[in-house]
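Reviewing the structure listed below.
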């Protein structure tokens, strides 16, 4: 299986958990991961992100690399920098965007759309116990138009809810959803041409309705 690069932009409440889960499955799906984040770990981050109290004051990129290796014995590449225009223009393979502003999402998307080097695009956003994941081929015009409608102004974001310790289950659900999307597109290329939208709503206890099955 040919190795495909995954670039994860953002290693905060969404990205830190995502990096760990991707690292667990990266070899199986034939991917290698690189993470961009310029922030430092603050003590309050340890409530809703992967980091430990002992990481406070350290760069998230450095701490994340150590934690992932501790838990998986896998080395991931991390860049402790704020991704800039030149970095964006060098993106390759699968791009996963987990940033915290609409302006940043728009800038990254504008650079990635119609770029032959970017094979797939995933973006996740969260507010409290609710989250959305969008995944699509950034060279397919219908998907580009559909996603562009999701890129509203930051001024339209009303009282954005910050991640807290109570929202961690929803953050893990997003990580699981993205991991499942990666597995699907690696197993079946036809999924790459579909516009996928995942809604996570943990406002109440999540209920899954299904036929009863005997499982062990």
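Numbering (UniProt numbering), first residue to last: 1 to 216.
Just so it is clear, CB atoms sit at the ideal spot from N, CA and C, and this is done for glycine as well.
Cβ-Cβ distances below 6 Å link residue 163 to 13, 48 in the same chain, with the five nearest sequence neighbours on each side left out; the list follows chain order. Between the C-alpha atoms of residue 71 and residue 60 there is a straight-line separation of about 16 Å.
Between residue 135 and residue 181, the CB-CB gap stays under 8 Å. Between the alpha carbons of residue 105 and residue 28 lies a distance of about 29 Å. Relative to residue 155, the option among 126, 125, 103 whose CA is nearest is 103.
Per DSSP, residue 19 has no beta-bridge partner at all.
Segment contact: the region 87-98 against the region 62-70, fewer than three CB-CB distances shorter than 8 Å; contact not assigned. Residue nearest to residue 85 within the set 78, 79, 110 is 110 (criterion: CA-CA distance).
In this structure, residue 16 lies near residue 64, with their beta-carbon atoms less than 8 Å apart. For residue 151, the closest alpha carbon among the candidates 204, 21, 108 is that of 108. Looking only at 194, 18, 187, 203, the smallest Cα-Cα distance to residue 99 is reached by 18. Between residue 148 and residue 205, the alpha-carbon positions lie close to 32 Å from each other. According to the DSSP assignment, residue 123 belongs to the beta strand (DSSP E) that extends over 118-127. Excluding the 5 residues flanking it on each side, residue 50 has same chain C-beta neighbours closer than 8 Å at 16, 17, 19, 20, 64, 67, in chain order.
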